[in-house]
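According to the working numbering, the sequence shown is numbered sequentially starting from 894.
Each residue gets a CB set at the ideal place from its N, CA and C atoms; glycine is no exception.
Owing to the predicted nature of the structure, the values given are computational and were not obtained by experimental measurement.
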Amino acid sequence: MTIVPLKNIAIIIWAVGVIIILCMALSFAIDIPYHDIALFFTESEYFWFDGRHIAYLSAVPLLAFVMFTLLIVIFTKDHQFPGRLNTFGRIIAVITILSLLLLNIASLFFYLYIILFTPYKHCKEIAIEHYFVTDPEICHKINTHGFSE
894 MTIVPLKNIA
904 IIIWAVGVII
914 ILCMALSFAI
924 DIPYHDIALF
934 FTESEYFWFD
944 GRHIAYLSAV
954 PLLAFVMFTL
964 LIVIFTKDHQ
974 FPGRLNTFGR
984 IIAVITILSL
994 LLLNIASLFF
1004 YLYIILFTPY
1014 KHCKEIAIEH
1024 YFVTDPEICH
1034 KINTHGFSE
């Protein structure tokens, strides 16, 4: 008799923990690409850009769907995943995969735009390969923790 309430409490605690982790992942998926692209628009001497970070945005629909379904699991009486959301889940999975492909293509075009139409040049050193600079000499002043004098 006491196993069922303990099992329900464990499911609720697990679901809340997963929702918290997913919120952090969602924040990470949005913040990282935002900061990379925002640095480009500041017109500084250098900026960091890694196109793979744009692909993180493709996880947003999936993370939002999982958080939504976990909230449903928490507030239902039997703490089960609702079966009628299976079709919607498949649609979200397809949207996530398509957005992954489209955002990777968008990051490729953004790289090409930076290289072909802006004064920024790519740093050749492996440790700072994701930095773009206006003057190649700036590459020698950049360390992995920021700009050194």
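Coil, strand or helix - residue i by DSSP
i     : result
I1035 : strand
K870  : Residue 870 lies beyond the residue range present for the chain, which begins at 894 and ends at 1042; the question has no answer from this structure.
Y1024 : strand
K1014 : strand
P975  : coil
T962  : helix
T989  : helix
T980  : helix
Beta carbon of residue i nearer than 9 Å to that of residue j
i     : j     : result
I1035 : Y1024 : yes
Y1004 : G944  : yes
C1032 : M960  : no
H972  : I913  : no
Option in the options with minimal Cα separation from residue i
i     : options                      : result
V911  : T895, V966, S992 and I925    : V966
K1017 : F934, F1010, P1029 and L1009 : P1029
T935  : I1021, Q973 and T1027        : T1027
V953  : V909, E1022 and I990         : I990
Rounded Cβ spacing between residue i and residue j (contact assumed at less than 8 Å)
i    : j    : result
S992 : S937 : Not a contact, Cβ separation roughly 30 Å.
N901 : A948 : Going by Cβ atoms, the distance from N901 to A948 rounds to 38 Å, so no, they are not a contact pair.
A999 : L956 : Not quite, the Cβ-Cβ distance comes to about 19 Å (not below 8 Å), so this is no contact.
message: My parser needs the beta strand (DSSP E) runs of 3 or more residues fully inside the stretch 910 to 960; what are they?
response: 939 to 941
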